[in-house]
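Worksheet for the structure shown next.
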Amino acid sequence: MSQPTPTTQRSRRELTAWRNAVFVIFILSGLALATWVARIPGIRDDLGLGKDPSAVGLLILGMSVGAILGLTVSSPILVRFGPHRGMVGGLVIVSVGVLFIGFGATVFHSIPSVAIGLILLGFGNGMVDVMMNVEATAVEREVGKTLLPLMHACFSLGTVLGAGIGAAA
Numbered sequence: 749m750s751q752p753t754p755t756t757q758r759s760r761r762e763l764t765a766w767r768n769a770v771f772v773i774f775i776l777s778g779l780a781l782a783t784w785v786a787r788i789p790g791i792r793d794d795l796g797l798g799k800d801p802s803a804v805g806l807l808i809l810g811m812s813v814g815a816i817l818g819l820t821v822s823s824p825i826l827v828r829f830g831p832h833r834g835m836v837g838g839l840v841i842v843s844v845g846v847l848f849i850g851f852g853a854t855v856f857h858s859i860p861s862v863a864i865g866l867i868l869l870g871f872g873n874g875m876v877d878v879m880m881n882v883e884a885t886a887v888e889r890e891v892g893k894t895l896l897p898l899m900h901a902c903f904s905l906g907t908v909l910g911a912g913i914g915a916a917a
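To convert, count from 1 in the sequence shown and add 748; that's the working numbering.
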């Protein structure tokens, strides 16, 4: 884990870099989710689902199932690989999921591809969610300041950016 031992001394520069890296993870997490949410109507149309809310609901259910699985496996992954590697792995899974969603909807017009992408997006984001909060808590402890509200504000900033990107797409 990233918790420093009592004898570990990080320089101010190292602490700032660590804190900023965690800020970026929160932004990326919000960005990934909001780009998907902003594109739901377009993806629905690309897949030819019409106005059927149950079809879109089933796709979203896939993301929820993925998130539950990601949250479930995050603890053993955290213990085995640490939060840094776990977050990187989770972000790679999120990225692959977003690619599946994008190509599945716009290029292949494939509901199964989009469903797989949403499961991956949910899974990766579930992993990242746990690990970024663990890492943010470790940063707070080391810095000696309350930073978690600001970290979550970075997530919200990511959702604003993601909604803008999704709307522009």
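Ideal placement from N, C-alpha and C gives every residue a C-beta, glycine not left out. Remember, it's a predicted structure, so these values are computed and weren't measured experimentally.
**Prompt:** In whole angstroms, what separates the C-alpha of residue 917 from that of residue 881?
**Reply:** Roughly 30 Å between the two C-alpha positions.
**Asked** Which class does residue 794 belong to by DSSP, given the choice of helix, strand or coil?
**Response** Here residue 794 sits in helix by DSSP.
**Asked** Under 9 Å, do residue 810 and residue 863 count as touching if we go by C-beta distance?
**Response** The Cβ atoms of residue 810 and residue 863 sit closer than 9 Å to each other.
**Request:** Specify whether the region 848-868 and the region 830-838 touch according to this definition: at least 3 beta carbon pairs, one from each stretch, less than 8 Å apart.
**Result:** No, the region 848-868 does not touch the region 830-838.
**Prompt:** Going by beta carbon distance, what residues of the same chain come within less than 8 Å of residue 894, once the five residues before and after it are set aside?
**Reply:** Excluding its 5 nearest sequence neighbours in each direction, residue 894 has C-beta neighbours in its own chain below 8 Å: 888, listed in chain order.
**Message:** Given this structure, state the Cα-to-Cα distance separating residue 770 from residue 819, to the nearest angstrom.
**Reply:** Straight-line measurement puts the Cα of residue 819 at about 19 Å from the Cα of residue 770.
**Message:** I need the straight-line Cα distance from residue 794 to residue 857, nearest angstrom please.
**Reply:** C-alpha separation (whole angstroms): 6 Å.
**Request:** State buried or exposed for residue 761, treating a residue as buried only when at least 16 other CB atoms are found within 10 Å of its CB.
**Result:** With a threshold of 16 other beta carbon atoms within 10 Å, residue 761 falls short and is exposed.
**Prompt:** Got a sec: does the ligand MG put a non-hydrogen atom nearer than 8 Å to the Cβ of residue 906?
**Reply:** By its list of ligands, the structure shown contains no ligand whatsoever, and the ligand MG lies outside what it can speak to.
**Item:** Range covered by the alpha helix (DSSP H) that runs through residue 904
**Value:** Start and end: 896-916.
**Prompt:** According to DSSP, is residue 758 helix, strand or coil?
**Reply:** The answer is coil: DSSP assigns residue 758 none of H, G, I, E or B.
**Item:** Proximity below 9 Å, CB of residue 874 to CB of residue 814
**Value:** Against a cut-off of 9 Å, the Cβ pair of residue 814 and residue 874 comes out as a contact.
**Asked** Nearest to residue 840 by alpha carbon, out of 876, 823, 860?
**Response** Per the Cα distances, 876.
**Asked** Among residues of its own chain, excluding the 5 on either side of residue 914, which ones have a beta-carbon nearer than 8 Å to its beta-carbon?
**Response** Within the same chain, residue 914 has close Cβ partners 782, 783, 784, 785, 786, 787.
**Request:** Whole angstroms is fine: what's the gap from residue 860's alpha carbon to residue 816's?
**Result:** If you draw a straight line from the Cα of residue 860 to the Cα of residue 816, it is about 19 Å long.
**Request:** Under the assumption that residue 780 contacts residue 910 (Cβ atoms under 8 Å), give the Cβ distance between them as a whole number of angstroms.
**Result:** Between residue 780 and residue 910 the beta-carbon gap is near 7 Å, inside 8 Å, which marks them as a contact.
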